[in-house]
Amino acid sequence: MIYQLGDFHFPDDPARLYPHTPERPWVLEVGFGDGHFWPHYARTFAEAPNYLGVEISGVSLLKANRRLRDAGLENAIVTKLPADVLVREVVPPRSLTEIVVNFPDPWPKPGHTEHRLLRAPFFRLAASRLRDGGAVLLTTDHDEYFEFACAEAEASGVMRAEHVAPPAAALETKYARKWRDLGLSAHHVRFVATAHPSVPGGTFTPYPENETDVPHAILKLPAAFAPTDFDKRTAHAPVRGLDSTPGWTVVLLDLYASLRRDGWVVQAHVVEAELTQEVLIGVTGREDGTHLVRLARFGGPIITPGVKAAVGVVTAWLEDGGAQVTHRGY
Ligand SMILES: C[S@@+](CC[C@H](N)C(=O)[O-])C[C@H]1O[C@@H](n2cnc3c(N)ncnc32)[C@H](O)[C@@H]1O
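For the sequence shown, the working numbering gives the first residue as 1009, with consecutive numbering after it.
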């Protein structure tokens, strides 16, 4: 079954996600590609564990979903998101039994290692979401990434490396077969969580049902306010701490005038770690002569620190144009 970000709760509950099998172990696979691993691996259990697969490629998502359906695996969910966002915001503490990473992108060029998934912050996040005895399973053909991941796991202070044989299914993925056909072998390591640090999520909420909870501001525009051009505007907040909330970047891209009512719509691009959302923020006239700046429901945005900040950036832009803010709700 395919889930979008807005289908999840923050954090979610395995009993809600897998209502028929809530008591089974829960396995997350990061970067499942065309989805060969899970149908093989699930068969090695008496009862298929609950499965959550995360990918950033939409084509892979569709292929894997078809494969899961053909294998009759009903307690399986796949989603198109960056792994760190899903783990931090959706997966509750101490809930997963395994996090499987088969042949992750190695980012081999010098200076590109910050793009690698298996760095110390990810290991700390993973350890916080794994149950007692839970582990990250890495299989890779890439010698240098393998050494790098082992060093990062050690630096995280919350993982113990066990050098064991890989599950047979990890050697049957698309990339496993590709490298084997080229005569290359694969490394495998099981990183067992030795502690469960507190790595908070809780920064995301769905678009509120109650209008007053939608990020907004009320302001009085100057009488002659009628923008005829718009310069792109960017604002940025840095990451706060190793285990803390990611920073955000907001870019106000364009301004559109409404033909139907007194107002405008700002198009904004919001980037938080690996998550990007395109949102619309309305600036709409009210009966009392003030204007309401509010995040639009269009596109199903998730309320994140960056999305709230985008409403603040639009408000600040209007203040620079002479607006007087009477209320801030973001
Ligand atoms: C080299 S492929 C391996 C695919 C598959 N595991 C296999 O063994 O055939 C790496 C996969 O990881 C996915 N990926 C890369 N970064 C990711 C991220 N941050 N979150 C989720 N998936 C990611 C890529 O889209 C790609 O499909």
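For glycine and all other residues, C-beta sits at the position ideal for the given N, C-alpha and C.
Computed from a prediction, not measured in an experiment: that's the story for all the values here.
| Asked | Found |
| --- | --- |
| Beta-carbon spacing of P1205, V1166 below 8 Å | yes |
| Cβ-based neighbour list, V1322, same chain, cut-off 6 Å, excluding 5 preceding and 5 following | V1274, I1289 and V1301 |
| Length of the line joining the Cα atoms of F1306 and V1287 | 8 Å |
| Local conformation of V961 per DSSP, three classes | The requested residue 961 does not occur in the structure, where the chain is confined to residues 1009 to 1338. |
| Start-to-end residues for the alpha helix (DSSP H) that takes in E1097 | A1091 to E1097 |
| Opposing strand residues paired with Q1285 [DSSP bridges] | V1278 |
| Endpoints, the alpha helix (DSSP H) within which T1323 is located | P1313 to D1328 |
| With 16 other Cβ atoms within 10 Å as the buried cut-off, status of N1058 | buried |
| N1218, enclosing alpha helix (DSSP H) - first and last residue | Per DSSP, N1218 belongs to no alpha helix (DSSP H) and is neither H nor E. |
| Heavy atom of ligand 1 within 7 Å of F1130 beta-carbon | no |
| Near ligand 1: L1179 beta-carbon under 7 Å from a heavy atom | no |
| With 16 other Cβ atoms within 10 Å as the buried cut-off, status of R1132 | buried |
| Local Cβ density within 10 Å of G1119, reported as buried at 16 or more and exposed below that | exposed |
| Alpha-carbon to alpha-carbon, E1097 and V1278 | 17 Å |
| Close Cβ partners of L1138 (< 6 Å) along its chain, the five nearest in sequence each way excluded | L1104 and A1201 |
| CB of V1038 within 8 Å of CB of L1145, strictly | no |
| Option nearest V1247 by Cα separation, candidates A1169, S1065 and G1255 | G1255 |
| Length of the line joining the Cα atoms of E1063 and R1074 | 15 Å |
| Helix, strand or coil at D1262 according to DSSP, with G and I counted as helix | strand |
| Pair within 8 Å by beta-carbon distance, A1383 and F1199 | Outside the modelled stretch of the chain, which goes from 1009 to 1338, sits residue 1383, for which no answer is possible. |
| F1306: first and last residue of the uninterrupted beta strand (DSSP E) it sits in | Taken as a continuous stretch (DSSP letters only), F1306 belongs to no beta strand (DSSP E), as it is neither H nor E. |
| Lining residues of ligand 1 - beta-carbon closer than 6 Å to any non-hydrogen atom, in sequence order | V1038, G1039, F1040, G1041, V1062, E1063, I1064, S1065, S1068, P1090, A1091, N1110, F1111, P1112, D1113, L1125, T1181, K1182, Y1183, A1184 and E1282 |
| Identity of the residues DSSP links to Y1011 by a beta bridge | T1087 |
| Three or more C-beta pairs below 8 Å linking the region 1219-1227 and the region 1316-1334 | yes |
| Pair within 8 Å by beta-carbon distance, A1169 and F1111 | no |
| C-alpha gap between Q1012 and I1310, whole angstroms | 11 Å |
| Whether T1313 touches G1014 by CB criterion (8 Å) | Looking at the sequence itself, residue 1313 is Pro, so the reference to Thr does not match. Going by C-beta atoms, P1313 is not nearer than 8 Å to G1014. |
| Boundaries (first-last residue) of the beta strand (DSSP E) holding A1072 | Taken as a continuous stretch (DSSP letters only), A1072 belongs to no beta strand (DSSP E), being part of the alpha helix (DSSP H) at G1066 to D1078. |
| Straight-line gap, P1157 to T1147 (C-alpha atoms, nearest Å) | The sequence shown places Ala at residue 1157, not Pro. So the alpha carbons of these two residues sit roughly 11 Å apart. |
| Simplified DSSP assignment, three categories, for H1120 | coil |
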